[in-house]
Structures are given as C-alpha cells and as structure tokens.
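Accompanying notes for the structure given below.
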Ligand SMILES: [Zn+2]
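Structural data, given as structure tokens:
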C-alpha cells in the first residue's frame, strides 16, 4: 500500500486517507495561447513507469493539497512537499538520483 507523509501535519497517511490530484507541476495555458498549447494543458498527461511527481490531498486528515515524488513501478516514495513549491526540492532530487542515477527530469 502507498503511504505518503503529509508535509503539513506530519501524518504518514495510507492511500485510503488521500485523494489523488493528478500530475504535478503542469504549465498552465489559458486565453491567448495556441490551440495546441491549450489542448496539451487540458488533456495531455505524463504516465511514466518510474519517477513521477503527483498532487495529493490529505482528504481524511488536514485537507490540504501537497505534492509527492514517487516511483510508479515500485511505489518507492522519494518525498513530499508543499503544493506551492514550484519544483521538487533539492533533497528530493538527491533522493531520486541516489536510487536512479540515470534519471533525466523533464521539468
Ligand atoms: Zn495533513
């Protein structure tokens, strides 16, 4: 079972206490963008087998949104961080590279 630690309240919450929110760090496109950019923002999502950055909500806890870095194949969690963070923290990137030195982020 997937267990993520909420960065706000510190609770190690099991997957059933959380609500998934999809891919993290999406670049938003709105009015003034091209049709292709808006279509990509609305519908195109990464679905990698490996390192993935995701949005989660501590639905049956503090209720706040946060971000998590994990491996979708092994369920290894590299870390969680606040939803307002524009990108993964250096500590999380170091944890990922320690396990997957060949990992190349596309952030
Ligand atoms: Zn929480």
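Numbering (this note's numbering), first residue to last: 16 to 122.
Beta carbons: idealized from backbone N, C-alpha and C, even for Gly.
Source: prediction; values computed, not measured.
Exposure label - residue i; buried when at least 16 CB within 10 Å
i	result
residue 95	buried
Rounded C-alpha distance that separates residue i from residue j
i	j	result
residue 114	residue 24	27 Å
residue 69	residue 36	7 Å
residue 82	residue 46	27 Å
residue 93	residue 105	11 Å
residue 120	residue 39	13 Å
Delimiting residues of the alpha helix (DSSP H) encompassing residue i
i	result
residue 50	50-58
residue 66	Run containing residue 66: none in the alpha helix (DSSP H); it sits in the beta strand (DSSP E), 66-72.
Contacts around residue i, its chain only, beta-carbon distance under 7 Å, and the 5 residues preceding and following it disregarded
i	result
residue 41	56
residue 86	65 and 66
Is it the case that the segment 18-28 contacts the segment 73-92, given that we only count it when at least three CB pairs across the two stretches are under 8 Å? yes
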